[in-house]
Amino acid sequence: MTTPVKPSVAVRLADVCRYFGEVKAVDHVTLDIYDGEFFSLLGPSGSGKTTCLRLIAGFEQPTSGSIQLYGQEVASVPPYERDVNTVFQDYALFPHMTVGQNVAYGLMVKKVPKAERERRVREMLDMVRLPGMENRKPSQLSGGQRQRVALARALVNQPRVLLLDEPLGALDLKLRQQMQIELKAIQERIGITFIFVTHDQEEALTMSDRLAVFNHGKIEQVGTPADLYERPATGFVAGFVGTTNLVSGDVAYRLTGSPEMFSIRPEKIRLCPPDTPITDDLHGVGGTVRDAIYLGMHTRYLVETDAGCDLIVVQQNLESSSADIHATRGSRVKLLWQKASARHLTETN
Amino acid sequence: MKPSNPTGHASLGLKIAVGLVLLFLHFPLLIILLYAFTTEEASFQFPPPGLTTQWIGELVNRTDFWNALSLSLSVAAVATLLAIVLGTLLAAAIYRGKFFGREALTLLVVLPIALPGIVTGISLRSAISLVDLDFTFWTIVIGHTTFCIVTVYNNVIARLRRTAHSQIEASMDLGASTFQTFRYVVLPNIATALLAGGMLAFALSFDEVIVTTFTAGQQQTLPIWILSQLTRPRDRPVTNVAALFVILATFIPILIAYRFTRETSE
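Chains as they are written, first to last, in my numbering: chain L, 1 to 349; chain R, 1001 to 1266.
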C-alpha cells in the first residue's frame, strides 16, 4: 500500500476466465505486468499461457473478468485498436509482400506518409540486423531471418507492449540462444514491456525479469527467476522450473521429522563418505549409489536412500575423472543438505 | 510405389493406347473442324469435295448468331460476377464458422452441380412460374448462377484453408480494419483462386444447355441457337463454324485457369 516507487502497471488481468465449452483454458487468472518488464508466461502446452496472450492481444474475448492496458479496460476492444503488437509463433509474414512491405504494413494501414514509412522500415531492419533486405520475399529468407522480420514488423508500430508467442520455438538450439540474447538486448534498448510465452523453462529463466508459471489454466506462482527456482510455492513449480527431488509422507517424516512435502534441488545435496556426522543445521540420510552419469562439468547420481526413496544428486566434478565416478556405483554414501535448502510446498495436482 | 521405368519412356503399346484414347476423345472435334470448311453444304461426304472459308463470312452476316453469342457472353459474365461475390462470401462464412448445420450448408452449396441439370432446370422453371416472373435475361442468369457459385466456392475455400489464419490475425494486430485486412491480405491470397473459379464458372455458363432450356423462354443463347440449327441441314457448315467459336471461347479460359491454379499450388 505504501511502497514508495511503484512501477506503473502495463497489463492487468483481473479474475479473467476464458472457457471453450467445457474446457477452462484460462481459469480465474489475476496478474499485473509492469511497464518495461520482460515478463514470461511459462507452462506446459495446454496450460493456458497462449490463450492468456491472445486475450491481451484481443484475438480472444474473456468469458469473464477484466483486462486493462495502462489502466484502460480493453476486454471488448478489437485487436486493431489496441496499442499492442504480436510476434506469432509461425511468424505469419504475408507471403505475397516483400520484407519491406511486411514491415511497413502497420504504418501503411495507418496512412503514415511514404517517406517516413521508408525511413522507419529501414531503421527497424537495421535494428534486427537485416539491413537492405527490403526487396526480398519471405520465402527467400531463413527461419531466423523471418523471425527478425516478424519482430521488426511488430516493433515498427512502436507498441507499448510487445507480445511474443513462442517466437523461438522453430529455431535450432544455437540460433535460439543467439536470439534470446538479442531479444533481451532489444527489449532493454527500447524499454517497452515484452510478454513472452514459452514452454521452455530455461529460456524463461534466462530472459525474464519476472515470470508466471501456468498449469491447467491457473497461475501457480509469479516471481523473479530466482524466486521461482529457490522458493517454489508448489510441487508443480518446483518440478517444472528446473529439476528437483519431491519428497512427501512417511519418507519425508523419516528425513526431516515432518510429513509435509518438500523439494530439494539435486545441486543442494552433498555426497559425503558414509561416516560423515550430521550437524544440527543439516538433514542427512545414508544410501547406496545406484547410478552415476558423468556429464563433463558435473556428475548426476541416483542414490537409493535408507529412508525408502531415490534422490537425484548433482556434484561438480572438482577433481574426479569419469573412471572414479563409475567406481562409485554400488558404494555406500551419506547425503547431507542444509535444512534451509529444503522447501516445504503445498500439494497440487 | 511401383519402380519407375528408368528411361522415362513409355512402352510402344502404351503409346498406341494413349493415341487411340486421344483420337476417340477428339475425333468429333476434328470432324467439326474439317466440315466447317467443306464446299458441300448439306451432307457429310468424305473426303470433302473441296475446302472454302465462305461459311465464316456467311456466319458473320447472321444477326441471329450475333444475338445468341452476345446473350451467351453477357449471361456468362453476369453469372460469373454474381458467383464470385456470393461464392466468396459463402466460402468466408463456412471456412471459419463453427455453427449448427455447417456440413448441411456445405452440401446445399455443392448440390446444384451434383444434381442432374434437368432437375435444377425443372425446379427453376416451376419457381419462376410460381412467382409469376417473365423469362428474361435475368432468369437465365439466376439459373446459371446456381451452379457457377459452386466452382468459385470450391476454389476459394480450398485456398482459404491453405492460408494461415495467423496472417489475418497479424493484419488485425498491426492495426488493419476488417476491410483493410480483406483488401491487403485475404484478397491477394485468394486472387488466383477467384480467377480460376471465375473462369471455370464462365466456361460452364457459356455452353450450358439444359438449365438454360428451362429458364430462357423464347431467348436463344449460343448453345441453344446451335441446337436449333440442327433442323436446318443446309446451314450445317455455318453451324460448324459457330461450334468452333464455342470451342475456342471455352478452351482459352480453361487453359488460363489451369495455368493459374498450377502456378500457385507449386
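Ideal Cβ positions, reconstructed from N, Cα and C, are used throughout, including at glycine.
**OP:** Kindly say whether R:L1194, judged by its beta-carbon, lies nearer than 8 Å to any beta-carbon of chain L.
**Re:** Cβ-Cβ to chain L under 8 Å: no for R:L1194.
**OP:** Would you list, in sequence order, the uninterrupted beta strand (DSSP E) runs of no fewer than 3 residues that lie entirely inside the segment 243-308 of chain L?
**Re:** You should have 245-247, 262-264, 270-272, 282-294 and 298-305.
Original post:
Are the C-beta atoms of L:F262 and some chain R residue less than 8 Å apart?
Top reply: Chain R contact via Cβ: absent.
Subject >> Beta carbon proximity, R:G1175 to chain L, threshold 8 Å >> reply: At a cut-off of 8 Å, the C-beta of R:G1175 has a neighbouring C-beta in chain L.
Original post:
What is the rounded straight-line gap between the Cα of R:F1137 and the Cα of L:G132?
Top reply: If I take the Cα positions, the gap works out to 56 Å.
Subject >> Whole-angstrom C-beta distance between R:Q1167 and L:V109, which should lie under 8 Å >> reply: Separation of the CB atoms of L:V109 and R:Q1167 is rounded to 14 Å, and the pair is thereby denied contact status at 8 Å.
**OP:** Have a look at L:L13, L:N245 and L:I56 and flag the residue whose alpha-carbon is nearest the alpha-carbon of L:L162.
**Re:** The option with the nearest alpha carbon to L:L162 is L:I56.
**OP:** Figure out for me which residue from L:K268, L:G330 and L:P277 has the closest Cα to the Cα of L:Q338.
**Re:** Among L:K268, L:G330 and L:P277, the Cα nearest to that of L:Q338 is on L:K268.
**OP:** Report the neighbours of L:A57 on chain R: residues whose CB is nearer than 7 Å to its CB, in chain order.
**Re:** For L:A57, the chain R residues whose C-beta falls within less than 7 Å of its own C-beta are D1173, listed in chain order.
Original post:
In chain L, which residues lie less than 7 Å from R:N1155 when you measure between Cβ atoms?
Top reply: Ordered by position in chain L, no residue passes the 7 Å Cβ test against R:N1155, which lies about 17 Å from the chain.
Original post:
Residues in the segment 1182-1213 of chain R with C-beta within 8 Å of chain L's C-beta atoms, listed in sequence order?
Top reply: Residues of the segment 1182-1213 of chain R with a C-beta less than 8 Å from any C-beta of chain L: Y1184, V1185, P1188 and N1189, listed in chain order.
**OP:** Give the interface partners of L:K110 over in chain B, defined as CB-CB distance under 8 Å, in chain order.
**Re:** Looking for chain B here will not work: the only protein chains present are L and R.
Subject >> Whether L:F350 touches L:Q201 by CB criterion (8 Å) >> reply: Within the shown structure, residues of chain L are numbered from 1 to 349, placing residue 350 of chain L beyond reach of any answer.
**OP:** Check the Cβ-Cβ distances between L:P79 and every residue of chain R, and say whether any is below 8 Å.
**Re:** Yes, L:P79 counts as interfacial toward chain R.
**OP:** Check distances from the C-beta atoms of the segment 33-58 of chain L to those of chain R and list, in chain order, the residues that come in under 7 Å.
**Re:** Among the residues of the segment 33-58 of chain L, those with a Cβ less than 7 Å away from any Cβ of chain R are A57, in the order of the chain.
Subject >> Where L:F194 sits in the DSSP three-state scheme >> reply: Strand, per DSSP.
**OP:** Report yes or no: is there a C-beta of chain R within less than 8 Å of the C-beta of L:T30?
**Re:** Cβ-Cβ to chain R under 8 Å: no for L:T30.
Original post:
With a Cβ-Cβ cutoff of 8 Å, do L:V87 and L:D35 count as a contact?
Top reply: Here L:V87 is not near L:D35, since their CB atoms are 8 Å or more apart.
Subject >> Option nearest L:P7 by Cα separation, candidates L:E37, L:V103 and L:N215 >> reply: Its Cα nearest to that of L:P7, the residue L:E37 stands out among L:E37, L:V103 and L:N215.
Original post:
Three-state secondary structure (DSSP) at L:H199?
Top reply: Coil.
Original post:
Which stretch, first to last residue, makes up the alpha helix (DSSP H) that contains R:G1117?
Top reply: Per DSSP, R:G1117 is one residue of the alpha helix (DSSP H) stretching across G1117 to L1130.
Subject >> Proximity test, Cβ basis, 8 Å: L:F88 and chain R >> reply: Chain R contact via Cβ: present.
Original post:
Three or more beta-carbon pairs under 8 Å between the segment 1093-1111 of chain R and the segment 1147-1158 of chain R, yes or no?
Top reply: Contact check between the segment 1093-1111 of chain R and the segment 1147-1158 of chain R: three or more CB pairs, one atom from each, fall below 8 Å, which counts as touching.
Subject >> Under the three-state DSSP convention, the category L:Y34 falls into >> reply: In the structure shown, L:Y34 sits in a strand (DSSP, three-state: E or B).
Original post:
In whole angstroms, what separates the C-alpha of R:F1135 from that of R:I1247?
Top reply: Put simply, the backbone Cα of R:F1135 is about 27 Å away from that of R:I1247.
Subject >> Given 8 Å, three or more beta-carbon pairs between the segment 1108-1122 of chain R and the segment 1208-1218 of chain R >> reply: Enough Cβ pairs lie closer than 8 Å, so yes.
Original post:
At what residues does the alpha helix (DSSP H) containing R:E1169 begin and finish?
Top reply: From DSSP, the alpha helix (DSSP H) with R:E1169 extends over H1165 to D1173.
**OP:** Determine the chain L residues that contact R:E1169 at a beta-carbon separation under 9 Å, and present them in chain order.
**Re:** Neighbours of R:E1169 in chain L, taken as residues whose beta carbon is under 9 Å from its own, are R54, A57, F59, P79, T86, F88 and A92 in chain order.
**OP:** Give the DSSP bridge partners of L:H344, in chain order.
**Re:** Beta-bridge pairing links L:H344 to L:F262.
**OP:** Using only alpha-carbon positions, find the residue among L:Y294, L:V333 and L:I325 that is nearest to L:D310.
**Re:** Among L:Y294, L:V333 and L:I325, the Cα nearest to that of L:D310 is on L:V333.
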